[in-house]
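Below is one structure, written out as structure tokens; the observations come after it.
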Amino acid sequence: MHKHVEWDDPGADSVMRHFEKDPMGHSAPGRGDILSARYQGTVVRLRVEAYVEGTSIGEVAAIIAIDNGRRLKSHGKLALGDTVRLPDEFRALEPRIGQQDDDEEEEQEQ
Numbered sequence: 028m029h030k031h032v033e034w035d036d037p038g039a040d041s042v043m044r045h046f047e048k049d050p051m052g053h054s055a056p057g058r059g060d061i062l063s064a065r066y067q068g069t070v071v072r073l074r075v076e077a078y079v080e081g082t083s084i085g086e087v088a089a090i091i092a093i094d095n096g097r098r099l100k101s102h103g104k105l106a107l108g109d110t111v112r113l114p115d116e117f118r119a120l121e122p123r124i125g126q127q128d129d130d131e132e133e134e135q136e137q
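Counting from 28, one number per residue, gives the positions in the sequence shown under my numbering.
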């Protein structure tokens, strides 16, 4: 059974928006592919088991805190190993995890 997840809006990191102007488009995910999404301010990586009508179904392979890159075993109602559905509109590009503060510090040092 799939766990229902309220995915965060990927905003500027949306995979669909990234590829909408690309004449080649993007391919449908296949079994074993790793996709990313946002959930309650974390990055969730999903290992695809199936792709049906614009939705990937798979297992949560990683939950990562965006601010420091720490790997979590669970967050909110989501845990590693859970089977979830990820609609294409919630797929997200990977952020620069834990590097925002480093960049700000470099700018201040210069």
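The C-beta atom is built at its ideal place from N, Cα and C for all residues, glycine as well. Since the structure is predicted, the reported quantities are computational estimates derived from the model, not experimental observations.
With DSSP as the reference, identify every bridge partner of residue i, one or two as the case may be.
| i | result |
| --- | --- |
| SER63 | ARG72 |
| LYS30 | VAL111 |
Assuming residue i and residue j make a contact with CB atoms under 8 angstroms, what is their CB distance in whole Å?
| i | j | result |
| --- | --- | --- |
| PRO114 | ASP40 | The pair is not a contact, with the Cβ atoms about 15 angstroms apart (cut-off 8 angstroms). |
| PRO37 | ARG65 | 6 angstroms |
| VAL87 | LEU62 | At roughly 11 angstroms, the Cβ-Cβ gap does not stay under 8 angstroms, so VAL87 and LEU62 are not in contact. |
Tell me the rounded alpha-carbon separation between residue i and residue j.
| i | j | result |
| --- | --- | --- |
| SER54 | GLY103 | 31 angstroms |
| ARG98 | GLY57 | 25 angstroms |
| LEU107 | TYR78 | 20 angstroms |
| ILE84 | ASN95 | 28 angstroms |
Applying the 10 Å Cβ sphere with the 16-neighbour rule, what's the burial state of residue i?
| i | result |
| --- | --- |
| ILE91 | buried |
| LEU120 | exposed |
| THR69 | buried |
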